[in-house]
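A.B. asks: Going by the UniProt record's numbering, the first residue of the sequence shown is number 1, and it counts up by one from there. Ideal placement from N, C-alpha and C gives every residue a C-beta, glycine not left out.
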Amino acid sequence: MAGCIGCLCSNDTSYTTQSGVKYPNNYKGSGYTSPGNGVPSGDTFDIDYVAHEMGHQFGGNHTWSYTTQSGLQPIEPGSGSTIMGYAGITGYDVQPNSDAFFHALSIEQITNNIKSKTCSANTGTGNSIPTANAGLDYTIPKSTPFMLTGSGTDTNGDPLTYIWEQMDKGTSSQTGANSAATATKTAGPTFRSWTPTTSPVRYFPRMASILTGATTTAGTEINVEALSSVARTLNFRFTVRDNKVGGAGNNSDDTKITVSGTAGPFNITTQIQQFLIPVEVLKR
């Protein structure tokens with residue numbers, strides 16, 4: 001697909017875009033961004049500023065939930081940590097800067113916007129998109145760690161990466177301190193997005209938290225993961241990326257986890273013999 005998109009860079013603190021309009025002539029160069037430190041360069045500028053504003057140009061809205069806004073997609077706790085979040089600048093920060101990937105909901109928004117346009121000249125990449133399978137829906141006990149495992153294949157043999165992300169939007173009352181992940185939330189995000197990896201497995205919360213006996217994971221300023229202690233539904237999307245140079249593809253599949261308000265928590269209080277946990281598991 002060929003089209004025109006522009007983003008001017010400067011050394012003062014400001015930005016502007018025309019959301020979702022990247023082709024019409026009047027908007028070709030309408031993206032404008034500059035960093036807070038006066039130096040328009042480096043990873044922070046490239047991801048937190050330029051990629052973020054280009055995300056708007058392609059039709060993506062903000063994904064944080066710490067406050068309300070027209071068009072907001074409050075799919076991440078607090079500031080969020082993906083490209084369309086506001087990591088490091090909110091007072092309810094998940095982490096200091098954004099990670100270099102789009103949330104699954106941003107991918108959905110941007111893809112739908114691009115497909116709705118008719119002015120592009122499309123050229124095939126020769127790349128086949130990967131498959132994605134999130135598995136079955138489950139009911140689990142409250143306050144109990146769990147694990148999700150998906151699968152993906154790619155006919156081109158490209159190196160796949162995987163990510164599990166929560167797809168529950170926050171409500172207008174879940175802002176500020178209430179945008180943090182908490183055990184008693186009956187709606188909204190309670191698990192942050194982690195960078196895609198080569199493993200199709202995710203532990204909830206992180207294994208490092210589980211091994212300490214914790215049911216939450218702390219971020220920079222708020223809790224970013226929390227096991228539910230109340231009945232609720234958790235919706236997750238499993239996204240597979242093929243990372244093909246020159247024309248990458250992705251695919252996704254959804255699953256639903258129902259937390260029982262009457263069963264749990266499930267605990268293992270002892271074991272018959274000692275066992276070893278691989279280091280790579282501890283990092284997930």
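(1) Among Ser-41, Phe-275, Asp-242, which one has its Cα closest to the Cα of Asn-156?
(2) Pull up the DSSP beta-bridge partners for Ala-218, would you.
(3) Check whether the stretch 116-128 touches the stretch 210-223, taking contact to mean three or more Cβ pairs, one atom from each stretch, closer than 8 Å.
(4) What do you reckon, are the CB atoms on Ile-277 and Gly-170 nearer than 9 Å?
(5) Let me know the alpha helix (DSSP H) ranges lying completely inside the stretch 67-119, each 4 residues or longer, listed in chain order.
(6) Spatial neighbours of residue 305 within its chain, please: CB distance less than 8 Å, with the 5 preceding and 5 following residues excluded, ordered by chain position.
(7) Could you check where the alpha helix (DSSP H) with Ile-210 kicks off and where it finishes?
(8) Per DSSP, what are the beta-bridge partners of Asp-137 in this structure?
(9) Against chain D, with Cβ distances strictly below 9 Å, would Ser-260 count as a contact?
(10) Give me whichever residues DSSP pairs with Glu-165 in a beta bridge.
(11) Apply the 10 Å Cβ neighbour rule to Lys-22 and answer buried if 16 or more other Cβ atoms are within range, or exposed otherwise.
(12) Whose C-alpha, out of Lys-117, Thr-239, Ile-47, is nearest the C-alpha of Leu-148?
(13) With the cut-off set at 9 Å, would you say Phe-45 and Pro-196 are in Cβ contact?
(14) Which residues bound the alpha helix (DSSP H) around Gly-55?
(15) Of the residues Val-94, Thr-139, Ser-209, Gly-42, which one's Cα is nearest the Cα of Thr-63?
(16) Look at the Cβ atom of Thr-144, then the Cβ atom of Asn-267, and state whether they are nearer than 9 Å.
C.D. replies: Checking against the coordinates, here is how it stands:
(1) Here residue 156 refers to the residue found at position 156 when the sequence shown is read from its first residue. If we check each option's Cα against that of Asn-156, Asp-242 comes out closest.
(2) In the sequence shown, counting from the first residue as 1, residue 218 sits at position 218. Note: Ala-218 sits in a beta bridge opposite Asn-223.
(3) no
(4) Here residue 277 corresponds to residue number 277 of the sequence shown, with the count starting at 1. Here residue 170 corresponds to residue number 170 of the sequence shown, with the count starting at 1. No, they are not a contact pair.
(5) 104-116
(6) There is no way to answer for residue 305, as the model of the chain reaches only from 1 to 284.
(7) Residue 210 sits at position 210 when you count from the first residue of the sequence shown. First-last of the alpha helix (DSSP H) with Ile-210: 207-211.
(8) Here residue 137 refers to the residue found at position 137 when the sequence shown is read from its first residue. DSSP lists no partner for Asp-137.
(9) Although the question refers to chain D, the structure presented lacks it and comprises just one protein chain.
(10) Numbered from 1 along the sequence shown, position 165 holds the residue referred to as residue 165. DSSP, once it has assigned bridges, lists Arg-237 as partnering Glu-165.
(11) Mapped onto the sequence shown, residue 22 falls at position 22. Bear in mind that the predicted position of Lys-22 carries a pLDDT of just 46, short of 50, making it too unreliable to give a figure here.
(12) By 1-based counting over the sequence shown, the position of residue 148 is 148. It is Thr-239 whose Cα lies nearest to the Cα of Leu-148.
(13) As a working mapping, residue 45 is identified with position 45 in the sequence shown. As a working mapping, residue 196 is identified with position 196 in the sequence shown. Not a contact, by the Cβ cut-off of 9 Å.
(14) Counting from 1 along the sequence shown, the entry for residue 55 is found at position 55. Unbroken alpha helix (DSSP H) run through Gly-55: 52-57.
(15) Here the question's residue 63 lines up with position 63 in the sequence shown. Looking at the Cα atoms, Val-94 is the closest of the given residues.
(16) Looking up residue 144 in the sequence shown gives position 144. Looking up residue 267 in the sequence shown gives position 267. A contact, by the Cβ cut-off of 9 Å.
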